[in-house]
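Please read the structure below before turning to the comments.
Chains as they are written, first to last, in the working numbering: chain C, -15 to 94; chain D, 3 to 116.
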């Protein structure tokens, strides 16, 4: 079974803090993705990566950056957290069209 | 642009009655379509997927969906609801336009009454 893990289930941060969300997959997938989930909006793509050191902007990249130094790990960075970044963050990985999701990190920015 | 529209934000059924969750898609190409389920405080789980083989797709937990090109629909059904089916369901389209990303519908929350 594919396993995608995220470093934290819940996080509470203050406005202006730098926040790191980590995601690790164990199936040697080339593709990795970060989404945020908000009520009534479904999931929206923030950033994705097809290979190590590669990154592409998704639909809502503003205020975020990413890092992929190793194939199995994809990090999402909030450079200066703001209250409108309070959300559920989901990481996914894939080989082809089917994506496998981690359990999510619920981030609260105060 | 390719997209999916989930026609109901909430659906409530009684245990043992049929479930119908509606999804329409818009695509210039032959799409790949998925249904994912999210139980409370859990990650997203793949229920089923359509990738241009049989138009009636069977998934896990007794769910199935039928791809209807003439109606641009991909509705999710189950003959008899169970309490454990209460969750949020997402209809998803795959954009193979170089981005290889999924586009999600806004979700349908299914309630199952005893």
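All residues carry an ideal CB built from backbone N, CA and C; glycine is no exception. These numbers were taken from a predicted model, which means no experiment stands behind them.
Compare the C-beta of residue i against all C-beta atoms of chain C and say whether one is closer than 9 Å.
| i | result |
| --- | --- |
| residue 64 of chain D | no |
| residue 72 of chain D | no |
| residue 104 of chain D | yes |
| residue 14 of chain D | no |
| residue 53 of chain D | yes |
| residue 76 of chain D | no |
Is the Cβ of residue i closer than 9 Å to any Cβ of chain D?
| i | result |
| --- | --- |
| residue 28 of chain C | yes |
| residue 81 of chain C | yes |
| residue 45 of chain C | no |
| residue 73 of chain C | no |
| residue 32 of chain C | yes |
| residue 84 of chain C | yes |
| residue 19 of chain C | yes |
| residue 25 of chain C | yes |
Please check the pair residue i and residue j, which I expect to be a contact at CB under 8 Å, by giving their CB distance rounded to whole angstroms.
| i | j | result |
| --- | --- | --- |
| residue 83 of chain C | residue 104 of chain D | 6 Å |
| residue 92 of chain C | residue 3 of chain C | The pair is not a contact, with the Cβ atoms about 11 Å apart (cut-off 8 Å). |
| residue 27 of chain D | residue 33 of chain D | 6 Å |
| residue 92 of chain D | residue 106 of chain D | 5 Å |
Find the nearest neighbour of residue i within the set the options, judged by alpha-carbon distance.
| i | options | result |
| --- | --- | --- |
| residue 87 of chain C | D:20, D:31, D:16, D:41 | D:41 |
| residue 13 of chain C | C:94, C:90, C:92, C:76 | C:76 |
| residue 89 of chain C | C:73, C:79, C:81, C:78 | C:73 |
| residue 62 of chain D | D:9, D:90, D:108, D:37 | D:37 |
| residue 20 of chain C | C:68, C:11, C:0 | C:68 |
| residue 24 of chain D | D:116, D:86, D:94, D:16 | D:94 |
| residue 32 of chain C | C:22, C:52, C:-1, C:47 | C:52 |
| residue 42 of chain C | C:36, C:29, C:16 | C:29 |
| residue 57 of chain D | D:114, D:44, D:68, D:75 | D:68 |
For chain E, is any of its Cβ atoms less than 9 Å away from the one on residue i?
| i | result |
| --- | --- |
| residue -12 of chain C | Here the protein chains are C and D, and chain E is not one of them. |
Kindly identify the DSSP beta-bridge partner or partners of residue i.
| i | result |
| --- | --- |
| residue 6 of chain C | C:59 |
| residue 15 of chain C | C:78 |
*Taking only beta carbons into account, state which residues of the region 19 to 47 of chain D come closer than 9 Å to chain C, listed in chain order.*
34, 36, 38, 40, 43, 44, 45, 46, 47
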